[in-house]
Amino acid sequence: MDLGLKDRVCVVTGASGGIGLEVTRQLCDEGAKVLMVSRDPGQLAAMREVVRAEGGKVEVVVKDVTSDCAGQHIIAAANQAFGKVDVLVNNAGVAEWKPLDDASEEDFRFQFELSVIAPLNLMRAAIPEMAGRGWGRVVNVSSTAGKRPSAMMPDYSVGKAAMLSLSRQFAERYAAEGVMVNSVCPGPTASDLWMAEGGLLDQSKEAAGHASREEALKAAGAKRPIGRLATPEEIASAIVFLCSERASYVSGAAWGVDGGTVPVII
Ligand SMILES: NC(=O)c1ccc[n+]([C@@H]2O[C@H](COP(=O)([O-])OP(=O)(O)OC[C@H]3O[C@@H](n4cnc5c(N)ncnc54)[C@H](OP(=O)(O)O)[C@@H]3O)[C@@H](O)[C@H]2O)c1
85 MDLGLKDRVC
95 VVTGASGGIG
105 LEVTRQLCDE
115 GAKVLMVSRD
125 PGQLAAMREV
135 VRAEGGKVEV
145 VVKDVTSDCA
155 GQHIIAAANQ
165 AFGKVDVLVN
175 NAGVAEWKPL
185 DDASEEDFRF
195 QFELSVIAPL
205 NLMRAAIPEM
215 AGRGWGRVVN
225 VSSTAGKRPS
235 AMMPDYSVGK
245 AAMLSLSRQF
255 AERYAAEGVM
265 VNSVCPGPTA
275 SDLWMAEGGL
285 LDQSKEAAGH
295 ASREEALKAA
305 GAKRPIGRLA
315 TPEEIASAIV
325 FLCSERASYV
335 SGAAWGVDGG
345 TVPVII
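Take 85 as the starting number for the sequence shown in our numbering and just add one per residue.
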């Protein structure tokens, strides 16, 4: 299937690892050009070289998406590098297990900045020009926790739920002008967020008192019909489809890519 992404210019936040890196690779495989965004300069430069070695046309911007004017700076950098922006993937995110009693006001503010204000500013910087050309795609990477609040990640859940509402606002505003705005809600995915030392796997192991990482991983997988975590590639495939020409009649959706985790049919 030709996804019609050749020479499309894409901005992917959180592109130096996990889901964002796989989105970048798959977009490049389709012939798109990608501006990769994340905070750690060394990691971002290393991943730029990995993707270039695979033949990908990529540039990078080191930026915290929650910093002042990040949205304008990132979109300006993409315009400077590639002349326009056709596709925006708001993927940057972090999560930590912390029950409601321990989650501070600051934790809630942080997640709101990351999941709502940063994507808001990026969409405001990117979408009007997409609409002016009559074609654009935005994918906001939320979570199953946005649909079904997680008791162990209350601040993250609230931020990701708000992201779904924000995404819907932009979808309704811009669909008639050719810009399709959608969300995906991944289930637990074996990226660094889960698998890195001290990540969600270790945090869940400690919270539930599992004897080993293997036992904690098995327990996390068993909580969903598919029986395992996703790979970053599996989540990226759904995101890249929503970035494509083929998703021309999908607007305002919040697709679960979660191995059946959230039992809803709407
Ligand atoms: N993994 C899961 O189980 C899961 C499930 C549902 C939803 N999600 C969502 O999927 C998205 C990607 O997660 P992942 O699993 O791929 O995580 P990951 O492997 O930890 O990668 C996160 C990426 O985001 C970047 N990042 C984090 N904060 C940033 C900021 N403020 N500004 C710019 N870049 C930032 C990181 O690089 P730097 O640290 O260098 O900035 C990295 O490139 C997140 O929004 C996450 O909430 C993940």
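Yeah, the Cβ is synthetic: ideal placement off N, Cα and C, and Gly gets one too.
Every value quoted in this text rests on a predicted model; they were computed, and no experiment measured them.
| Is the segment 104 to 114 close to the segment 227 to 244, with three or more CB pairs under 8 Å? | no
| query | Taking buried to mean at least 16 other C-beta atoms within 10 Å of its own C-beta, is M120 buried or exposed? | reply | buried
| task | Using a threshold of 7 Å, state whether the C-beta atoms of G230 and G262 are closer than that. | result | no
| request: Give, in chain order, every unbroken run of the alpha helix (DSSP H) that is at least 4 residues long and sits entirely within the segment 138 to 199. | output: 154 to 166, 189 to 196
| said: Does the beta-carbon of L326, which I'm using as the reference point, lie nearer than 6 Å to any heavy atom of ligand 1? | reply: no
| said: I need the straight-line Cα distance from V178 to S288, nearest angstrom please. | reply: 15 Å
| query | DSSP on R221, reduced to helix/strand/coil? | reply | strand
| task | Buried or exposed for V348, please, with buried defined as at least 16 other CB atoms from any protein chain shown within 10 angstroms of its CB. | result | exposed
| message | Could you check if T108 belongs to the surroundings of ligand 1, using beta carbon to heavy atom distance under 6 Å? | response | no
| message | ligand 1 and T273: does the residue's C-beta get closer than 6 Å to at least one heavy atom of that ligand? | response | yes
| said: At a cut-off of 6 Å, would you count R123 as near ligand 1, judging by its Cβ distance to the nearest heavy atom? | reply: yes
| task | Identify which residue in A300, E318, L198 has its Cα closest to the Cα of D148. | result | L198
| message | Restricting to Cα atoms, I'd like to know which of E329, L285, L250, A274 is closest to A338. | response | L250
| field | Ordered list of alpha helix (DSSP H) runs contained in the segment 273 to 347, each at least 4 residues | value | 276 to 279, 284 to 292, 297 to 306, 316 to 326
| field | L119 - containing beta strand (DSSP E), residue span | value | 117 to 122
| Would you call L285 buried or exposed, if buried means 16 or more other Cβ atoms sit within 10 Å of its Cβ? | buried
| Chain-order list of residues whose beta-carbon lies under 8 Å from that of S332 (same chain, five-residue window excluded) | M264
| task | Please report the Cβ distance between G101 and Q127, rounded to the nearest whole angstrom; I am assuming they are in contact, meaning their Cβ atoms lie under 8 Å. | result | 7 Å
| query | Whose CA, out of I201, E133, V268, lies closest to the CA of V334? | reply | V268
| said: Mapping the DSSP letters down to three states, classify P233 as helix, strand or coil. | reply: coil
| the segment 167 to 175 contacting the segment 195 to 214, beta-carbon criterion three pairs below 8 Å | yes
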